[in-house]
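Those letters in the sequence shown? Residues 17 to 465, per this note's numbering, in order.
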Amino acid sequence: MDEFERAARMASTYLERVPDRPVWRPVPDRAWLTEQQMPDRGRPLARLLDDIGEFVLPHPMGNGHPRFFGWVNSPPSQAGVAVAPLAAAFNPSTAGGDQAGVLLERTAVRWLAELVGFPHPPGGGLLTSGASMATIVALSAARRRALPDVRENGLYGRAPLVMYLSEEGHSCLRKAAELLGLGSANLHVVPVDDAYRMDPAALRARIERDLAEGARPFLVAASAGTVNTGAVDPLAEIAAVAREHGLWFHVDGAYGALAAVTGDPVFEGMAEADSLALDPHKWLGVPVDCGCVLFRDPALVRDTFSLVPPYLRDDEGDPLGWFSEYGIEQTRPFRALRVWATIAHRGRAGVVELVRRTTGLARTLATMVEESGDFELMAPVTTSIVAFRYTPADLPGLPAAVQRRGRAFITGTHLGGMAALRACILHPETTEADLAILLDEIRLAAKEL
Ligand SMILES: Cc1ncc(COP(=O)(O)O)c(C=O)c1O
């Protein structure tokens with residue numbers, strides 16, 4: 017159909033032109049996007065493509081651009097974009113069954129485990145909507161290990177389970193704990209060191225104090241790449257504390273785990289985790305959505321979720337069962353095609369190169385910050401996030417003012433009680449010149465405020 021070819025052309029033209037357009041601009045007229053009436057009669061696909069070209073594509077989030085440094089959002093991999101329409105055309109539910117979508121997910125998950133150096137027993141992971149869902153799956157399995165009858169009896173009438181995370185732990189951990197009925201009062205926050213890494217001695221001390229007070233510690237969640245500074249917690253030491261006290265060891269590697277592909281010793285200990293959340297839709301560039309959870313004990317995860325009504329029984333099927341027995345989603349999209357294509361197109365060497373290039377640029381930006389007279393580095397650079405501040409003035413609206421100018425996109429945060437800027441470098445085509453433009457844009461935006 018001509019419209020399919022035209023849609024593919026529109027996508028490739030869009031991607032080609034991204035670097036020449038503003039990184040982001042406010043949407044001037046929202047009426048079409050938010051208020052249009054549902055048509056009574058259908059309209060030709062060609063007219064819909066006209067509308068998309070006019071009203072949708074001019075207003076991106078910005079993350080395709082080489083000077084987008086906000087949050088943790090990458091540009092899409094070319095291979096992922098190319099195969100996305102095929103996944104849509106194929107349109108399976110990858111809940112289970114003897115079909116390519118399910119079988120390819122086995123490979124995609126195994127490849128992800130191999131990239132980050134995590135052990136991979138058969139069935140030891142699945143793709144999810146993102147790390148938030150991966151975290152819910154992981155924490156559910158941990159809760160089930162601690163309370164084998166939790167599915168039947170819930171949490172009623174028991175001593176609370178206590179979970180540990182650092183001050184820099186991502187909010188998805190808190191959300192998952194609240195959702196699972198653990199209660200945020202039972203999340204014990206462990207302090208961090210000067211480099212924003214969890215302090216394992218403080219963790220041990222807190223567990224011992226809690227045990228003495230009769231609490232039930234059950235899980236520690238470490239970060240392999242925090243969202244604020246990209247810090248990697250001392251994973252081997254935290255693993256040892258977890259082992260000592262029989263705690264589930266979860267690692268949030270949503271953003272940073274991929275950097276283990278270079279063999280960087282900072283990730284030592286990550287492979288000891290009981291569960292690891294990572295996000296192919298971040299650094300790897302798999303088009304949104306795609307998270308992943310890897311786990312050491314697939315049988316436990318299946319016991320946590322499996323609920324097979326008669327209408328879903330598959331007696332002839334894979335002994336590992338269905339993916340829907342290992343998580344929350346029943347109907348599941350064909351994410352594996354985008355993951356497989358992205359990794360197969362880059363190859364392991366290409367992924368290593370992507371990580372080396374972006375982490376190298378982050379160190380370059382840190383040097384530029386340190387050598388400038390008007391910026392200050394706020395944390396060491398371990399991965400590809402640089403946290404820094406503009407020293408002439410603490411301007412709360414500074415990130416938004418940079419964004420409005422349209423030449424670079426940066427977001428802010430708070431570190432140690434101070435406002436900070438943070439640049440997350442994930443784009444394979446970002447250059448040193450782009451970093452210089454970013455710093456200049458911050459200076460120019462500050463003048464406007
Ligand atoms: C460190 C970290 N953990 C977890 C998440 C949550 O991941 P998702 O947005 O894919 O659910 C993010 C998202 O930015 C993150 O950076």
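The beta carbon of each residue, even a glycine, is placed where N, CA and C say it ideally should be. Note that the structure is a prediction, hence the values are computed from the model and not measured.
(request) Using beta-carbon positions only, say whether Gly139 and Pro314 come within less than 8 Å of one another. (result) yes
(request) Measure how close the beta-carbons of Leu455 and Arg83 come, nearest whole angstrom, since I'm counting them as under 8 Å. (result) So it is not a contact: roughly 11 Å between Cβ atoms.
(message) Considering Cα atoms alone, identify which of Ala100, Pro101 and Leu451 is closest to Ile426.
(response) Leu451
(request) Name the two residues that bound the continuous alpha helix (DSSP H) containing Ile458. (result) Glu448 to Glu464
(message) According to DSSP, is Gly307 part of a helix, a strand, or is it coil?
(response) strand
(request) Report yes if the CB atom of Gly96 is closer than 8 Å to the CB atom of Val302, and no otherwise. (result) yes
(message) Tell me the residue span of the alpha helix (DSSP H) that contains Ser291.
(response) It is not in any alpha helix (DSSP H) - Ser291 instead sits in the beta strand (DSSP E) that spans Ser291 to Leu294.
(message) Given a cut-off of 8 Å on the beta-carbon distance, is the pair Ala129 and Gly141 in contact?
(response) yes
(request) Assign Ile152 to buried or exposed, taking buried as 16 or more other Cβ atoms, counted over all protein chains shown, within 10 Å of its Cβ. (result) buried
(request) State the CB to CB distance for the pair Ser145 and Gly185, rounded to an integer number of angstroms; the pair is presumed to be in contact (CB under 8 Å). (result) Not a contact, Cβ separation roughly 20 Å.
(request) For the segment 246–262 and the segment 390–401, state whether three or more C-beta atom pairs, one from each stretch, are separated by less than 8 Å. (result) yes
(request) Using alpha carbons as the reference points, say which of Asp209, Asp319 and Ala275 lies closest to Glu369. (result) Ala275
(message) If you reduce the DSSP assignment to three classes, tell me which class Leu177 lands in.
(response) strand
(message) Taking the straight line between their C-alpha atoms, what separation do you get for Asp66 and Trp40?
(response) 21 Å
(message) In whole angstroms, give me the CA-to-CA distance for Asp209 and Asn244.
(response) 14 Å
(message) For a test of the three-state rule: what should DSSP assign to Trp87, helix, strand or coil?
(response) coil
(request) Compute the beta-carbon to beta-carbon distance between Val88 and Cys440, rounded to the nearest angstrom, for a pair I have assumed lies under 8 Å. (result) 5 Å
(request) List the endpoints of the continuous beta strand (DSSP E) containing Gly117. (result) Taken as a continuous stretch (DSSP letters only), Gly117 belongs to no beta strand (DSSP E), being part of the alpha helix (DSSP H) at Ala116 to Val132.
(message) Could you compute how far the alpha carbon of Leu411 sits from the alpha carbon of Ile344?
(response) 43 Å
(message) Could you check whether Ala270 and Asp305 sit closer than 8 Å to each other, using their CB atoms as the reference points?
(response) no
(request) Mark Thr374 as exposed unless 16 or more other C-beta atoms lie within 10 angstroms of its C-beta, in which case mark it buried. (result) buried
(message) Just checking Tyr342 against ligand 1 - is the residue's beta carbon closer than 7 Å to any of the ligand's heavy atoms?
(response) no
(message) Suppose you measure from the CA of Phe71 to the CA of Glu183; what does that come to, to the nearest Å?
(response) 41 Å
(request) Grab me the residues of Ala27's own chain with a C-beta within less than 8 Å of its C-beta, minus the 5 sequence neighbours each way, in chain order. (result) Val97
(request) Please classify Asp268: is it buried, with 16 or more other beta-carbons within 10 angstroms of its beta-carbon, or exposed? (result) buried
(message) Within the continuous beta strand (DSSP E) that includes Leu437, where are the two ends?
(response) Met434 to Cys440
(request) Would you tell me roughly how many angstroms separate the C-alpha atoms of Leu316 and Gln346, rounded to the nearest one? (result) 18 Å
(request) Just tell me which of Pro74, Arg57 and Ala103 has its CA closest to the CA of Arg46. (result) Pro74
(request) Taking Val402 as part of the beta strand (DSSP E), name the residues at either end of that continuous run. (result) Ile401 to Tyr406
(request) Pick helix, strand or coil for Leu431, following the three-state DSSP scheme. (result) strand
(message) Quick check: does the Cβ of Trp299 come within less than 7 Å of any heavy atom belonging to ligand 1?
(response) no
(message) Between Ala147 and ligand 1, is there a pair consisting of the residue's CB and a ligand heavy atom that are separated by less than 7 Å?
(response) yes
(request) Return the chain-ordered list of same chain residues with a C-beta closer than 8 Å to the C-beta of Ala252, the five sequence neighbours on each side being excluded. (result) Glu284, Gly285 and Glu288
(request) Confirm the yes/no value for this check: CB of Ser291, any heavy atom of ligand 1, distance under 7 Å. (result) no
(request) Select from His266, Val277 and Gly279 the residue whose C-alpha is nearest the C-alpha of Leu292. (result) His266
(message) Could you check whether the Cβ of Ala273 sits closer than 7 Å to any heavy atom belonging to ligand 1?
(response) no
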